[in-house]
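The sequence shown begins at 36 in this note's numbering and counts up by one. What follows is a short report on a single structure.
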Amino acid sequence: MSTLEELPLTIEFAVSGMTCGACAARIQDQLNKIDGVDASVNYATETATVRTRFGIQTNELIQAVEEAGYRAALREADAPVGATEEEFAESLMALRNRLVTCAVLTAPVFFFSMFESMQFQNWQWWALVFSAPVVTWGAWPFHRAAVMNLRHRATTMDTLISIGVVAAVAWSLWALIWGDAASSYGSMAGMSGMSHGSYHVYFEVAATVTVFILAGRYLEARAKRSAGNALRALLALGAHTAVVLEDGVERKVDAKNLRVNDVIVVRPGEKIATDGVVIEGDSSIDMSMLTGESVPVDVVVGDAVTGATINLTGRLKVRVSRVGADTTFAHMAKLVREAQATKAPVQKLADKVSSIFVPVVLLISLVTLIAWFVVDGDATKAFTAAVAVLIIACPCALGLATPTALMVGSGRGAQLGIVIKGVDVLQSTRRIDTVVFDKTGTVTTGVMQLRNVVCAEGIERGDALRIIGALELASEHPIARAIAIAAQKEFGTLPDVQEFVSLTGMGARGVVDGVSVIVGHERLLQKELILIPGPLRTALADARAEGNTAVIAAWGGSARAVCVVADQPKSTSKEAIATLRAMGLAPVLLTGDNQATAMAIALQVGIEADDYHVRGGVLPDEKVAVIRELQDRGYAVAMVGDGVNDAAALAQADVGIAMGTGTDVAMQASDLTIVSGDLRLVADAIALSRATLRTIGANVFWAFAYNAAAIPLAASGKLNPMWAGLAMACSSVFVVLNSLRLRRVKLRHR
36 MSTLEELPLT IEFAVSGMTC GACAARIQDQ LNKIDGVDAS VNYATETATV RTRFGIQTNE
96 LIQAVEEAGY RAALREADAP VGATEEEFAE SLMALRNRLV TCAVLTAPVF FFSMFESMQF
156 QNWQWWALVF SAPVVTWGAW PFHRAAVMNL RHRATTMDTL ISIGVVAAVA WSLWALIWGD
216 AASSYGSMAG MSGMSHGSYH VYFEVAATVT VFILAGRYLE ARAKRSAGNA LRALLALGAH
276 TAVVLEDGVE RKVDAKNLRV NDVIVVRPGE KIATDGVVIE GDSSIDMSML TGESVPVDVV
336 VGDAVTGATI NLTGRLKVRV SRVGADTTFA HMAKLVREAQ ATKAPVQKLA DKVSSIFVPV
396 VLLISLVTLI AWFVVDGDAT KAFTAAVAVL IIACPCALGL ATPTALMVGS GRGAQLGIVI
456 KGVDVLQSTR RIDTVVFDKT GTVTTGVMQL RNVVCAEGIE RGDALRIIGA LELASEHPIA
516 RAIAIAAQKE FGTLPDVQEF VSLTGMGARG VVDGVSVIVG HERLLQKELI LIPGPLRTAL
576 ADARAEGNTA VIAAWGGSAR AVCVVADQPK STSKEAIATL RAMGLAPVLL TGDNQATAMA
636 IALQVGIEAD DYHVRGGVLP DEKVAVIREL QDRGYAVAMV GDGVNDAAAL AQADVGIAMG
696 TGTDVAMQAS DLTIVSGDLR LVADAIALSR ATLRTIGANV FWAFAYNAAA IPLAASGKLN
756 PMWAGLAMAC SSVFVVLNSL RLRRVKLRHR
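What follows is the structure, encoded as structure tokens:
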């Protein structure tokens, strides 16, 4: 057993100063050098998630990040993702101003250089004047980052950009001051830039590349912000204040200061501040934040309510049951954040590539320069090809490939009431071909309901239900509650019960309207030597054959009626099963109930009613065995359940899917959580997971393919550095925009 000091902690930091995936990889390596630390740094969300043992100080982790050349601060559990709206707006405005100013200054340089008809004597000096602010002030973020990284003996994409811009300017200054450029009208030779001589200047390359990359950064920043909007919107839904009732006096407090057992008052239109139980009042609650469904849910005294949902109609008094990080809302947000911090195996490969990519590109650029000079003897051609390699090879798209898709996919799921725990889940959903369902509380409501009352000759149904309901009202047994609730709905007030006695495992007895009544198993009547007439025996047999539960009632020395109760399928179960089958997934039903009951439910919801697809009388440990058996046969299994008895099976399955209406144990053991308990969302969750995985694959493929194709093209001298800069900027924007398509992924039942 691990000691307390060995147990891992999870700490989250906000990291600033990153400019590409290579930065994230470098910070991650720096943190992982600390003994006992397992860190994952996410460039898209600008966060570092660190799992560490007790004894490691937060300052030690922050210092490690700062030693890598970046800044870190401890992130609060309910803090917004990334910068605040004000901080983001300010930084975006500064970036836009830099971009616009540089674009205005670059335009004349571009036209002077590219079109001979616009050239005049000494135009090169004017190109220097216009481009100087662009390559210094405009490109300063790249130069500053490159110098900072150099001080830490590291390289990133900023290193490539800075070297490319400085090299272009240095060559141009040499050509202008010591070469023949000042006395020539020569321009950059077309798209390839492959002409000879020292009269060429490359001010337009340095300036235009700077503008293109600034434009890419601007579009990337906006798109990244949009990608994280779903989670920011989710976190913003939480209530900030609450009205606490103390000694009859109402007092507004910060929601963070609520304590368990506080009583809060929630008026119509207000958000419920935290999880609790209604102790006074009734109302309709808008649960769409939690479930994705727009239909309000009615609550009365004794019903549980969830923080961040909206009270629509009545005034409620709620006793607080959970606060802070223990609430359903906080738990859901935490799972989404953790999912966005995970990395797919393909992205881990991309991170490794990014960390060594820049030095390799510098080497390729140097080899290109030497090779062209040796082979062709033209310094201009060699220089142009080498700079193009530097500019086009920046690995931004690699760093954005997985995080942006995860941000959008998991954020979209959170809006719908689907919580995806991590990227490994996405990998597993691709293979799923069998979905195993627990019955009670998952496929069915988990609540017994009265289906029929069969009476002996001469007994009116209403009279029988009134008497039986009165007795059962005094019992807490689920079957008794089903009968009592049905009787109350039909008659309202029921007679009082005298001398009530609960007979464990058998039934109950009591006196109703002066008559001694017993209700329960037929063994109880046999014990009391009460005969059961033929019609009632037939009713008992029919109920059991249909998979229902039946109890028999007697008074006045005779059996009088049979009450048939059953756990009913959820209204959405049949549609959910049909959708999964249409997706090519085979449904299997597991339950601890007898086989007849299981078969009856299977027929109602559309599961094949045979001994393979329906397994009755299965104990919790046997559920694990059934799933293992399916896996041994080569099937990839998803398990859907809601109870403590499903936790082991959820963990054993390739993908565990928990109903959010079930127990915390089940949700902890699962990979996906359906917050509302709507079974139709299982198909939506699988569809969304698969779409997210496809998007990640497409992003990573594009990022690798882009560099694989672009670097040889640049090295071969076929690509002008200016267009290389545009292509590099577009690659990052493409990856983010492709991820944003997940916001419109087609779901199954909407």
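Don't be surprised by glycine CBs; every beta carbon is placed ideally from N, CA and C.
### Message
Contact between the segment 181-193 and the segment 270-287 is defined here as three or more beta-carbon pairs at a separation below 8 angstroms; is this criterion met?
### Response
No, they do not touch.
### Message
Only counting the same chain, and skipping five residues up and downstream in sequence, which positions put a Cβ closer than 8 angstroms to that of isoleucine 746?
### Response
Setting aside the 5 residues that flank it on each side, isoleucine 746 is surrounded in the same chain by Val396, Ile399, Val424, Ile427, Ala428, each with a C-beta closer than 8 angstroms to its C-beta; the list follows chain order.
### Task
Evaluate leucine 566 with the Cβ neighbour count: other Cβ atoms within 10 Å of its Cβ, from every protein chain shown; 16 or more gives buried, anything less gives exposed.
Leucine 566 comes out exposed.
### C-beta contact flag for valine 597 and asparagine 583 at 8 angstroms
Not a contact, by the Cβ cut-off of 8 angstroms.
### Task
Pick helix, strand or coil for leucine 538, following the three-state DSSP scheme.
Leucine 538: strand per DSSP, three-state reduction.
### Query
Where do the N-terminal and C-terminal ends of the beta strand (DSSP E) with lysine 352 fall, by residue?
Lysine 352 -> beta strand (DSSP E) spans 351-355.
### Task
Identify every run of the alpha helix (DSSP H) within the segment 483-523, keeping only runs that are complete inside it and at least 4 residues long; order them along the chain.
As summarised for the segment 483-523, the continuous alpha helix (DSSP H) elements at least 4 residues long and confined to that stretch are 496-507, given in chain order.
### Task
Taking only the alpha-carbon atoms, compute the straight-line gap between alanine 693 and isoleucine 709 and give it to the nearest angstrom.
Answer to the nearest angstrom: the Cα atoms are 6 angstroms apart.
#### Entry: Candidates Glu315, Leu615, Gln639, Pro176: closest to aspartate 602 by CA position
Closest by alpha carbon: Gln639.
### Buried versus exposed, by CB contacts within 10 Å (16 or more), serine 222
The predicted model places serine 222 with a pLDDT of 41, which falls under 50 and marks its position as unreliable; any figure quoted below should be read in that light. That one is buried.
### Query
Whole-angstrom Cβ separation of valine 653 and isoleucine 642, contact assumed at under 8 angstroms?
Separation of the CB atoms of valine 653 and isoleucine 642 is rounded to 15 angstroms, and the pair is thereby denied contact status at 8 angstroms.
### Query
For the putative contact between serine 319 and aspartate 310, defined by C-beta atoms under 8 angstroms, what is the C-beta separation to the nearest angstrom?
Incorrect: roughly 18 angstroms between the Cβ atoms, too far for contact.
### Task
Between the Cα of glutamate 534 and those of Leu506, Glu557, Leu559, Thr276, spot the shortest distance and give me the residue it belongs to.
Selected option, being the one with the closest Cα: Leu506.
### Task
Could you tell me the distance, in whole angstroms, from the CA atom of alanine 162 to the CA atom of phenylalanine 247?
In a straight line, the C-alpha of alanine 162 is about 18 angstroms away from that of phenylalanine 247.
### Task
Using three-state DSSP, classify cysteine 765 as helix, strand or coil.
Looking at cysteine 765 - three-state DSSP - the assignment turns out to be helix.
### Sequence-distant residues of its chain with Cβ nearer than 8 angstroms to glycine 592 (five each side left out)
These residues qualify, in order along the chain: Ile565.
### Query
Thinking just about the alpha-carbon of each residue, which of Leu134, Ser510, Ala49 is nearest to the one in isoleucine 97?
Of the candidates Leu134, Ser510, Ala49, the one whose C-alpha sits nearest the C-alpha of isoleucine 97 is Ala49.
### Message
For a quick check, are the C-beta atoms of isoleucine 503 and alanine 720 less than 8 angstroms apart?
### Response
No, they are not a contact pair.
### Message
Do valine 355 and asparagine 296 count as a contact pair if the criterion is CB distance below 8 angstroms?
### Response
Yes, the pair counts as a contact, with Cβ atoms nearer than the cut-off.
### Query
Who are the near neighbours of valine 554 in its chain, counting only those whose CB is closer than 7 angstroms to its CB and skipping five residues on each side?
Around valine 554: Ile503, Leu506, Glu507, Gly542, Ala543, Val586, Ala588.
### Query
How is the alpha helix (DSSP H) around leucine 280 delimited, first residue to last?
Premise fails: leucine 280 lies in the beta strand (DSSP E), 276-281, not in any alpha helix (DSSP H).
#### Entry: Through-space distance from threonine 87 to alanine 99, alpha-carbon basis
Spanning the two alpha carbons is a distance of roughly 14 angstroms.
### Query
For aspartate 689 versus alanine 660, is the C-beta distance shorter than 8 angstroms?
Not closer than 8 angstroms, so no.
### First and last residue of the uninterrupted alpha helix (DSSP H) at arginine 572
Its alpha helix (DSSP H) spans residues 569-580.
### Message
In the DSSP assignment, the beta strand (DSSP E) including isoleucine 75 goes from what residue to what residue?
### Response
A small correction: the amino acid at residue 75 is serine; isoleucine does not occupy that position in the sequence shown. DSSP places serine 75 inside the beta strand (DSSP E), whose first and last residues are 72-77.
### Task
Pull up the distance between the alpha-carbon of valine 340 and that of aspartate 73, whole angstroms please.
Their Cα atoms are separated by approximately 37 angstroms.
### Query
When the distance is taken between beta carbons, is alanine 517 closer than 8 angstroms to leucine 559?
Annotated as distal: leucine 559 and alanine 517, with beta-carbon spacing of 8 angstroms or more.
### Message
Going by C-alpha to C-alpha distance, which of Met153, Cys58, Ala499, Val532 sits closest to alanine 522?
### Response
Of the candidates Met153, Cys58, Ala499, Val532, the one whose C-alpha sits nearest the C-alpha of alanine 522 is Ala499.
### Message
Please report the straight-line C-alpha distance between glycine 327 and isoleucine 455, rounded to a whole angstrom.
### Response
With a pLDDT of only 42 at glycine 327, under 50, the local geometry of the prediction cannot be trusted, and the value read off the model is given with reservation. Looking at the backbone, the Cα of glycine 327 and that of isoleucine 455 are separated by about 15 angstroms.
### Query
When the Cα of isoleucine 612 is compared with those of Ser126, Val470, Ala189, which residue comes out closest?
Among Ser126, Val470, Ala189, the Cα nearest to that of isoleucine 612 belongs to Val470.
### Query
Leaving out five residues before and five after glycine 232 in sequence, what residues of the same chain have Cβ atoms less than 6 angstroms from its Cβ?
Per-residue confidence for glycine 232 stands at a pLDDT of 37, beneath the threshold of 50, marking its modelled position as unreliable; the derived number appears in the next sentence. Nothing meets the Cβ criterion.
### Message
Give me the DSSP bridge partner(s) of isoleucine 587.
### Response
DSSP output for isoleucine 587 lists Gly555, Val597 as bridge partner(s).
### Message
So, at 6 angstroms on beta carbons, what are the nonlocal neighbours of glycine 826 in its own chain, with the 5 sequence-adjacent residues on each side left out?
### Response
In the structure displayed, the chain extends from 36 to 785; residue 826 sits before or after that span and is not available.
### Query
How many Å lie between glutamate 657 and glutamine 687 at the Cα?
Taking the straight line from one Cα to the other gives about 12 angstroms.
### Per-residue burial, arginine 595 [other beta carbons within 10 Å of its own, 16 or more giving buried]
Buried: at least 16 other Cβ atoms inside 10 Å.
### Query
Three-state secondary structure (DSSP) at lysine 68?
DSSP places lysine 68 in the coil class of the three-state scheme, outside both helix and strand.
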